[in-house]
Ligand SMILES: [Zn+2]
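In our numbering, the protein residues as written are 1130 to 1390.
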């Protein structure tokens, strides 16, 4: 197998991850993601392109600002590595041929790359700020719907069903739990539904709840969180959706086999 293309895809993913870091920092603070250029949050000095290379700059600077020596969050290289690896795995599973949009008619790589990038940004914003920005989920729902008309991964009907069933279930849960589930979660699962269809959305909800419960119980046992502390659902839903993209068919098949023999 040609090794250059996978390496390029990984590096491209880390560059997108670098931009995702800008979104994660700026969107909850309502700052433009275009201007000004990247700055150190501590001293405000602008960061030169050489100090802005994904992963490498963090290592070269030993995790500190060149000017004021304030520590740079580990989140920066982590998001870059996660995005790079996700892009590499998407490439290995769905392949790319050139031109990018044509692979037996289409390539699913850009569709899932857009979804995964949005999910990674949402997960980190929700972890820190306990919000899921509409500026990602609402355009996301529209993109998911639109690509379902042009791409063969799911039918448009399935996209609409995913949007309505996912969003509807969470809406009911929000009403029943009286605020235990937020509007951001409803729009997030509607976005996932519009990209992945209704079956994979149900699997995402199952996986997200399952992983979230394990993490929640673990934190309570370790006394890091009390029973009443709020643990954001967005990161677990995002993780559930990404797992579903890679293993959804296998997991649904396994589930049906175990249930119905
Ligand atoms: Zn600084």
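Heads up, the beta-carbon is just placed ideally off N, CA and C, and yes, glycines get one too.
Everything numeric in this text was worked out from a predicted model, so none of it was measured.
Could you give the distance in angstroms between the alpha-carbon of residue i and the alpha-carbon of residue j?
{"i": "residue 1218", "j": "residue 1237", "result": "13 Å"}
{"i": "residue 1250", "j": "residue 1269", "result": "12 Å"}
{"i": "residue 1262", "j": "residue 1193", "result": "29 Å"}
{"i": "residue 1352", "j": "residue 1361", "result": "17 Å"}
{"i": "residue 1253", "j": "residue 1383", "result": "31 Å"}
{"i": "residue 1365", "j": "residue 1338", "result": "7 Å"}
{"i": "residue 1327", "j": "residue 1150", "result": "30 Å"}
{"i": "residue 1297", "j": "residue 1199", "result": "45 Å"}
{"i": "residue 1309", "j": "residue 1374", "result": "27 Å"}
{"i": "residue 1072", "j": "residue 1147", "result": "Missing from the structure shown is residue 1072; the chain here goes from 1130 to 1390 and no further."}
{"i": "residue 1330", "j": "residue 1196", "result": "46 Å"}
{"i": "residue 1458", "j": "residue 1380", "result": "Outside the shown range of the chain (1130 to 1390) lies residue 1458, about which nothing can therefore be said."}
{"i": "residue 1225", "j": "residue 1350", "result": "45 Å"}
Mapping the DSSP letters down to three states, classify residue i as helix, strand or coil.
{"i": "residue 1229", "result": "Only weak support is given to the placement of residue 1229: the predicted model assigns it a pLDDT of 49, under 50, and the value that follows is read from those uncertain coordinates. If DSSP states are grouped into helix, strand and coil, residue 1229 belongs with coil."}
{"i": "residue 1168", "result": "strand"}
{"i": "residue 1234", "result": "Model confidence at residue 1234 stands at a pLDDT of 45, short of 50, so the residue's coordinates are unreliable and nothing is read from them."}
{"i": "residue 1175", "result": "strand"}
{"i": "residue 1157", "result": "helix"}
{"i": "residue 1206", "result": "helix"}
{"i": "residue 1352", "result": "coil"}
{"i": "residue 1328", "result": "helix"}
{"i": "residue 1268", "result": "helix"}
{"i": "residue 1222", "result": "helix"}
{"i": "residue 1259", "result": "coil"}
{"i": "residue 1361", "result": "coil"}
When you compare each of the options to residue i by their alpha carbons, which one comes out closest?
{"i": "residue 1281", "options": "1306, 1172, 1334 and 1239", "result": "1239"}
{"i": "residue 1139", "options": "1175, 1242 and 1279", "result": "1242"}
{"i": "residue 1215", "options": "1135, 1198 and 1346", "result": "1135"}
{"i": "residue 1169", "options": "1359, 1146 and 1205", "result": "1205"}
{"i": "residue 1371", "options": "1246, 1156, 1163 and 1158", "result": "1246"}
Do residue i and ligand 2 come close, with the Cβ less than 7 Å from some heavy atom?
{"i": "residue 1271", "result": "Questions concerning ligand 2 fall outside what the structure shown contains, since the ligands it does hold are ligand 1."}
Within the chosen definition, does the region 1172-1190 reach the region 1198-1209 through at least 3 CB pairs nearer than 8 Å? Segments in contact, yes.
Would you list the residues whose beta-carbon is nearer than 7 Å to any heavy atom of ligand 1, in the order they occur in the chain? Any residue whose Cβ sits closer than 7 Å to a heavy atom of ligand 1 makes the list: 1169, 1171, 1172, 1174, 1194, 1196, 1197 and 1199.
Report yes or no: do the region 1140-1159 and the region 1168-1185 share at least 3 C-beta pairs separated by less than 8 Å? Enough Cβ pairs lie closer than 8 Å, so yes.
Sufficient close CB pairs (3 or more, under 8 Å) joining the region 1372-1389 to the region 1272-1287: No, the region 1372-1389 does not touch the region 1272-1287.
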